[in-house]
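Trainee: Here it is, the structure in full.
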């Protein structure tokens with residue numbers, strides 16, 4: 007019941023029938039071992055105006071359910087004035103969940119470790135939104151869902167209580183910050199967050215959490231915090247010794263089962279991915295299970311990974327194709343990096359091949375599906391580079407999906423097949439897909455398998471040999487060429503499924519949305535502006551570490567920086583810029599906190615908090631930048647988009663002034679490692695001029711964004727079409743004018 011309603015037996019999943027029939031079973035389960043009257047069942051199913059056939063339909067539903075779930079005994083019985091489902095409570099997940107939660111609550115104070123074990127086991131039973139497929143079919147089921155959701159939240163709070171009692175306040179802090187964002191009106195969570203922050207040495211942030219809770223409760227409910235929460239604030243202010251706890255146990259970056267990470271509840275360890283350990287997790291806000299990959303600690307802490315992680319993940323998240331595993335979420339924080347993607351319930355191709363090789367028709371379909379995905383990736387400039395059976399995932403129908411792309415330069419020595427000496431050579435994917443096809447057909451990999459297999463005829467053998475062991479003149483230039491050759495050879499063998507998969511079409515036009523770094527290949531028409539921005543960043547001028555990009559609303563300031571300047575810097579447009587760290591932020595209403603979060607995303611060996619250092623004095627940002635970068639020769643480009651938010655969203659003028667002073671001091675310091683780029687709406691151009699230090703920077707280092715010329719407009723429209731192989735007549739501006 008803790009997800010879509012389902013029943014299982016030794017032979018597999020039980021067919022429970024249609025929505026009405028499943029609703030009957032759900033109603034009987036909610037009242038397990040108690041009689042539910044016929045009249046109530048009809049009312050729940052049909053409301054106030056049931057059809058004349060309602061009673062007969064109910065009898066039919068009961069008869070079908072008896073066949074499905076009775077097994078060897080009469081579990082579902084007619085008992086006047088209705089029906090009863092007699093079931094062992096250990097066979098119903100919701101009842102097991104309630105029992106474990108009650109047991110844990112009874113021992114929480116005396117035995118927090120035992121309580122945590124029971125709560126972890128209980129929370130692991132959830133696999134979706136409770137009764138999601140039938141909850142809207144009957145009023146009482148909606149009430150049951152509310153009860154179960156509330157019980158789950160209470161269980162999470164109890165488990166965190168146990169964590170705090172056991173000294174695990176560091177991990178609890180990360181979890182609680184996500185939970186209060188999802189449940190901002192639960193005072194117990196706010197109190198736990200305050201305590202976890204205080205025990206982590208972050209008293210100021212604990213007090214700020216109280217103020218946030220107070221503001222939220224006042225705005226939403228019109229009430230003050232409870233006496234218990236006010237008392238906790240007083241005890242934090244007075245450093246009450248009773249608030250102290252045992253030191254947090256040292257542990258790995260891997261989350262404990264049952265713990266929530268940024269709102270994702272960890273359920274089960276599935277294995278290893280390209281970055282680290284992969285878990286099955288549950289996302290309550292979406293009511294779905296996902297795959298949560300946690301990067302290995304040493305990898306997440308490396309400078310190259312920190313520099314590339316966000317840009318790579320954003321690009322992979324943009325790859326939309328029916329056979330690419332969707333990337334839902336990603337983030338990097340002190341202690342690790344995390345990637346969330348669709349949970350593929352069919353496992354990997356490697357696991358499927360343990361049960362035997364595949365027929366040519368099935369392998370041809372697989373090559374078409376993965377080949378089509380690789381084609382779309384290649385059009386976005388992405389080479390997988392490590393294509394093997396373990397990285398190809400399957401759904402429950404056996405369809406193949408491409409996953410485990412490289413993110414954050416997350417390769418270790420020997421991981422990639424460096425056939426051509428480069429991990430981004432498109433020929434790698436042709437070679438990898440050929441090896442996958444060979445292994446699926448024969449159970450062997452490598453050229454020896456091609457030569458010795460009796461299951462592959464001459465045509466297929468030649469295609470595979472050319473891809474896996476290319477002749478001196480070179481093999482297939484990319485996966486697209488290999489797929490075409492393979493499907494042709496398979497068709498000559500009479501393969502009925504020699505299809506290329508979904509056509510890999512791409513629409514390069516963004517409509518009204520702004521361009522990001524991942525859209526750089528489609529960013530046409532602004533080449534001159536990009537060159538001007540790069541030139542500004544290259545000049546050894548007095549204020550060369552600052553650049554203001556100014557233009558009217560909707561003029562493309564953000565796009566020029568994200569899709570023009572930043573990709574150019576990554577390509578080493580300024581000598582050495584290919585090694586610079588780049589991070590972006592919006593000021594918002596709390597610019598210090600936004601700045602801290604931005605710096606921690608790219609920090610190497612990051613501290614738990616930077617806020618105190620940032621706000622300590624005017625050179626706080628200067629020192630914080632040195633703290634997060636890997637060495638004195640490293641450079642950070644901080645992009646503050648929509649800089650006007652400092653003047654529209656920040657009410658505290660003193661805070662705004664200190665923030666601006668810190669920015670100016672950081673870029674003007676003699677040994678500065680910070681380069682600052684801001685985008686500013688033209689109608690707010692006068693605001694920075696009121697701050698002496700910032701006024702000098704803006705007036706000396708400003709680039710304006712002007713409208714496109716007719717030639718640039720032509721380029722902006724025709725350029726993307728040309729990139730994807732479409733024809734588009736130029737001279738649009740002239741034709742409109744005519």
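Numbering (this note's numbering), first residue to last: 7 to 744. Note that beta-carbon positions come from the ideal geometry of N, C-alpha and C, so glycine has one too.
Since residue 210 and residue 618 should fall inside the 8 Å C-beta cutoff, what is the C-beta to C-beta distance between them, to a whole number of angstroms?
Mentor: Rounded, the Cβ-Cβ distance is 7 Å, consistent with contact.
Trainee: Can you check DSSP and say which residues form a bridge with residue 587?
Mentor: Partner(s): 642.
Trainee: What are the boundary residues of the alpha helix (DSSP H) that includes residue 685?
Mentor: Careful: residue 685 lies outside any alpha helix (DSSP H), inside the beta strand (DSSP E) at 680 to 687.
Trainee: CA-CA distance, residue 114 and residue 552?
Mentor: Each residue's alpha carbon lies about 55 Å from the other.
Trainee: State the DSSP-derived secondary structure class of residue 422, mapped to helix, strand or coil.
Mentor: Only weak support exists for where residue 422 lies, its pLDDT of 36 falling under 50; the value from the coordinates is given anyway. Residue state, collapsed to three classes: coil.
Trainee: Using 8 Å for Cβ pairs, my map puts residue 202 next to residue 182. What's the rounded Cβ distance?
Mentor: The Cβ separation is near 6 Å, so the contact holds.
Trainee: Could you give the residue range of the alpha helix (DSSP H) that holds residue 710?
Mentor: Per DSSP, residue 710 belongs to no alpha helix (DSSP H); it is in the beta strand (DSSP E), 708 to 710.
Trainee: Evaluate contact between the region 559 to 575 and the region 353 to 372, counting only Cβ atoms and requiring at least three cross-stretch pairs below 8 Å.
Mentor: With the cut-off at 8 Å, the region 559 to 575 and the region 353 to 372 do not touch.
Trainee: Kindly indicate the opening and closing residues of the beta strand (DSSP E) around residue 398.
Mentor: Element bounds for residue 398: 398 to 400.
Trainee: Looking only at DSSP bridge pairs, what is residue 598 linked to?
Mentor: DSSP lists no partner for residue 598.
Trainee: To the nearest angstrom, how far is it from the Cα of residue 651 to the Cα of residue 594?
Mentor: Each residue's alpha carbon lies about 6 Å from the other.
Trainee: In terms of residue numbering, what span does the alpha helix (DSSP H) encompassing residue 168 cover?
Mentor: Per DSSP, residue 168 belongs to the alpha helix (DSSP H) from 145 to 171.
Trainee: Flag this pair as yes or no: are the beta carbons of residue 521 and residue 529 separated by less than 8 Å?
Mentor: Closer than 8 Å, so yes.
Trainee: Please list the terminal residues of the continuous alpha helix (DSSP H) segment that includes residue 337.
Mentor: Where residue 337 is concerned, there is no enclosing alpha helix (DSSP H), although the beta strand (DSSP E) it sits in stretches over 333 to 339.
Trainee: Can you confirm whether the region 135 to 144 touches the region 168 to 176 when touching is taken to mean that 3 or more C-beta pairs between the two stretches lie within less than 8 Å?
Mentor: In short, these stretches do not touch, since the Cβ pair count stays below three.
Trainee: Which runs of the beta strand (DSSP E), 3 residues or longer, sit entirely within the region 603 to 670?
Mentor: Runs of the beta strand (DSSP E) inside the region 603 to 670: 642 to 646.
Trainee: Leaving out five residues before and five after residue 695 in sequence, what residues of the same chain have Cβ atoms less than 6 Å from its Cβ?
Mentor: Within the same chain, residue 695 has close Cβ partners 701.
Trainee: Which ranges would you report for the alpha helix (DSSP H) in the region 316 to 371 if only whole runs of at least 4 residues count?
Mentor: Listed in chain order, the complete alpha helix (DSSP H) runs (minimum 4 residues) inside the region 316 to 371 are 355 to 359.
Trainee: State the CB to CB distance for the pair residue 242 and residue 200, rounded to an integer number of angstroms; the pair is presumed to be in contact (CB under 8 Å).
Mentor: About 7 Å; that satisfies the 8 Å criterion.
Trainee: Three or more beta-carbon pairs under 8 Å between the region 87 to 95 and the region 30 to 41, yes or no?
Mentor: With a cut-off of 8 Å, the region 30 to 41 and the region 87 to 95 count as touching, because enough Cβ pairs lie within range.
Trainee: Give the range of the alpha helix (DSSP H) segment to which residue 50 is assigned.
Mentor: Here the alpha helix (DSSP H) through residue 50 covers 44 to 52.
Trainee: Go through its chain and collect everything with a Cβ distance to residue 709's Cβ below 8 Å, but skip five positions before and after it.
Mentor: Result list for residue 709: 535, 538, 539, 542, 553, 554, 555, 556, in chain order.
Trainee: Could you tell me which uninterrupted alpha helix (DSSP H) segments, each at least 4 residues in length, are contained entirely in the region 177 to 249, listed from first to last along the chain?
Mentor: Whole alpha helix (DSSP H) segments, 4+ residues: 193 to 205, 209 to 227, 233 to 243.
Trainee: Where residue 679 and residue 625 are concerned, what is the direct C-alpha to C-alpha distance, given to the nearest angstrom?
Mentor: Each residue's alpha carbon lies about 13 Å from the other.
Trainee: So, with DSSP's three-state summary, where would you put residue 690?
Mentor: Residue 690: helix per DSSP, three-state reduction.
Trainee: Does the beta-carbon of residue 329 have 16 or more other beta-carbons within 10 angstroms, so that it is buried, or is it exposed?
Mentor: By the neighbour-count rule (16 or more Cβ atoms within 10 Å), residue 329 is buried.
Trainee: For residue 27, name the three-state secondary structure that DSSP assigns.
Mentor: Residue 27 falls in the helix class under three-state DSSP.
Trainee: With DSSP run on the structure shown, which of helix, strand or coil describes residue 254?
Mentor: Confidence in residue 254 is poor, its pLDDT being 44 and thus under 50, which makes the residue's placement unreliable; the coordinate value appears in the next sentence. Here residue 254 sits in coil by DSSP.
Trainee: Can you list, in chain order, the residues of its chain whose CB lies under 6 Å from that of residue 615, leaving out five sequence neighbours each side?
Mentor: Excluding sequence neighbours, residue 615 sits near 208.
Trainee: Give me the DSSP bridge partner(s) of residue 699.
Mentor: Its beta-bridge partners do not exist; DSSP assigns none.
Trainee: Can you name the residues that DSSP bridges to residue 83?
Mentor: DSSP, once it has assigned bridges, lists 90 as partnering residue 83.
Trainee: Among the residues of its own chain, which have a CB less than 7 Å from the CB of residue 672, if the five just before and after it don't count?
Mentor: Same-chain partners within the cutoff: 627, 628, 631, 678, 680.
Trainee: For the region 57 to 68 and the region 23 to 31, state whether three or more C-beta atom pairs, one from each stretch, are separated by less than 8 Å.
Mentor: Yes, since at least three Cβ pairs between the region 57 to 68 and the region 23 to 31 fall closer than 8 Å, the two stretches touch.
Trainee: Who does residue 408 pair with in a DSSP beta bridge?
Mentor: DSSP, once it has assigned bridges, lists 330, 398 as partnering residue 408.
Trainee: By the 10 Å Cβ neighbour count, where 16 or more other Cβ atoms means buried, how is residue 118 classified, buried or exposed?
Mentor: Buried, by the Cβ-count rule.
Trainee: Please report the Cβ distance between residue 99 and residue 223, rounded to the nearest whole angstrom; I am assuming they are in contact, meaning their Cβ atoms lie under 8 Å.
Mentor: Not confirmed; about 34 Å, so no contact.
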